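Engineer: Take this structure, written in structure tokens, and hold onto it; I'll ask about it next.
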């Protein structure tokens, strides 16, 4: 199936925006500006990490996702629940209860993304046993991290683990099994991912590392939760026993370091939260971690438990993951021949860098504009106050040479100009002849 070439899950409600620049200062790719008192998202820079949603005090940012109606055109419907979905329910005694609830909501089949995560964990072990490229390898599971690397750290693309995220593998395997089971054509089978974050909504619509996409709808956990919690509360054990194919390894992917421990990594770092992630990526660029084998990075605090489309407190969810994991076997889904990994495990399209920093159409014009940008930046105070609506003085200088702003947008330069003008007017007033107030009366 062909996929879209442009889509962003994170959107702005201008009516709620106060232009307070909180999001401008916190965006990891400087993708937000304030213009005319309202925030604006620069689509070419946005990685849909959801950080602006998390920190906006006025709730002006939100993430769009699909509803159940997106599957109405399909004859057979498959749900792909993210592992973190199971951590949203207080007093949940068994993961199978949630699976039965999804079936009662109208899905014909449920394939846990955690089961595919166990296959990816197994594939990681096999791939790394034969790998001889640059280290450390960086997990490719978090789509916000992939986009961050494309935009800010393109030199690290060669460090990416070239394996599909579990949800893409789950979609392929689930659809293939459904075709064999039902005899329906692949296009008659709809696959919906139940997701914790906007980056994964975007990845479902515009996947990285894939020539085509396998997911037909991305439904936020918060959107499906109210009905699902009603469906599961009165179920009896015999209604959901034997439904789950996910072990503690797959469930553990919902929290920070779950992927690394699931693949048996020993020399690794796991970092969560976009600011911490950037520090780790900068360190990898500076070759500080060459003795590590693996780096697991999650844009959301705590891992997927911190996704903005969840309903549960991330710390409570992480604790619930640990409790549920104790009741599960280590793994329930494995490749029969791990030394012969199937092709659908790997990326089938190269992930290319996105050069959002290029100032001109060619090297000569870029150098000229860069020199102008530096000249503007030297004029600014270097306070990075954000009052101009750009995140830093450097960003304002860039915006000026791109034609978006003028140097008068810097309140400090404007103040200096106004003071100079006032002094000039004051000096001019001394040279204006005064009108003689004494008249002869004739």
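Residue numbers (this note's numbering): -3 to 438.
Glycine included, C-beta positions come from ideal geometry on N, C-alpha and C.
In this text, all values refer to a predicted model and were calculated from it rather than measured experimentally.
Report yes if the C-beta distance between residue 100 and residue 227 is below 8 Å; otherwise report no.
Structural biologist: Yes, the Cβ-Cβ distance between residue 100 and residue 227 is below 8 Å.
Engineer: Quick one: what's got a C-beta closer than 7 Å to residue 151's C-beta in the same chain, skipping five residues either side?
Structural biologist: Here the set comprises 281.
Engineer: With a 10 Å radius around its C-beta and 16 neighbouring C-beta atoms as the bar for buried, classify residue 407 as buried or exposed.
Structural biologist: With fewer than 16 other Cβ atoms within 10 Å, it is exposed.
Engineer: Between the alpha carbons of residue 176 and residue 341, how many angstroms are there, rounded?
Structural biologist: Taking the straight line joining both Cα atoms gives about 20 Å.
Engineer: Can you give me the C-alpha to C-alpha distance between residue 81 and residue 278, rounded to a whole angstrom?
Structural biologist: Rounded to whole angstroms, residue 81 to residue 278 spans 32 Å at the Cα level.
Engineer: Just to confirm before moving on: does the CB-CB distance between residue 95 and residue 170 stay below 8 Å?
Structural biologist: The answer is no: Cβ separation not under 8 Å.
Engineer: Throw me the rounded Cβ distance for the residue 64 and residue 102 pair, which I believe falls under 8 Å.
Structural biologist: Sure, about 7 Å apart at Cβ, within 8 Å.
Engineer: Select from 97, 357 and 306 the residue whose C-alpha is nearest the C-alpha of residue 230.
Structural biologist: The candidate whose alpha carbon is nearest that of residue 230 is 97.
Engineer: In the DSSP output, what is residue 171 paired with across the bridge?
Structural biologist: Its beta-bridge partners do not exist; DSSP assigns none.
Engineer: For residue 290, which of 12, 133, 48 and 198 has the nearest alpha-carbon?
Structural biologist: Selected option, being the one with the closest Cα: 133.
Engineer: Less than 8 Å between the CB atoms is what I'm expecting for residue 185 and residue 72, so what's the real figure, rounded?
Structural biologist: With 8 Å as the limit, residue 185 and residue 72 qualify as a contact, their Cβ atoms being about 5 Å apart.
Engineer: Going by beta-carbon coordinates alone, are residue 204 and residue 139 separated by less than 8 Å?
Structural biologist: Yes; because the gap between Cβ atoms is below 8 Å, this pair is in contact.
Engineer: Nearest to residue 18 by alpha carbon, out of 57, 42 and 3?
Structural biologist: Comparing Cα positions, the closest option is 57.
Engineer: Using a Cβ-Cβ cutoff of less than 7 Å, which residues in the same chain neighbour residue 4 once the five nearest sequence positions on both sides are dropped?
Structural biologist: Counting only Cβ-Cβ distances below 7 Å, and skipping sequence neighbours, we find 39, 42, 44 and 198.
Engineer: Determine whether the beta carbon atoms of residue 313 and residue 83 lie at a separation below 8 Å.
Structural biologist: Cβ distance < 8 Å, so residue 313 and residue 83 count as in contact.
Engineer: Counting along the chain, where does the beta strand (DSSP E) carrying residue 186 start and finish?
Structural biologist: Segment 185 to 191, the beta strand (DSSP E) holding residue 186.
Engineer: Since residue 141 and residue 250 are thought to touch, with beta carbons under 8 Å apart, how far apart are those beta carbons, to the nearest angstrom?
Structural biologist: The Cβ separation is near 16 Å, so there is no contact.
Engineer: Tell me the rounded alpha-carbon separation between residue 442 and residue 69.
Structural biologist: It is not possible to answer for residue 442, since the shown part of the chain is limited to -3 through 438.
Engineer: Would you kindly check if the distance between the Cβ of residue 122 and the Cβ of residue 326 is under 8 Å?
Structural biologist: No.
Engineer: Where do the N-terminal and C-terminal ends of the beta strand (DSSP E) with residue 34 fall, by residue?
Structural biologist: 34 to 37 is the span of the beta strand (DSSP E), which, as asked, contains residue 34.
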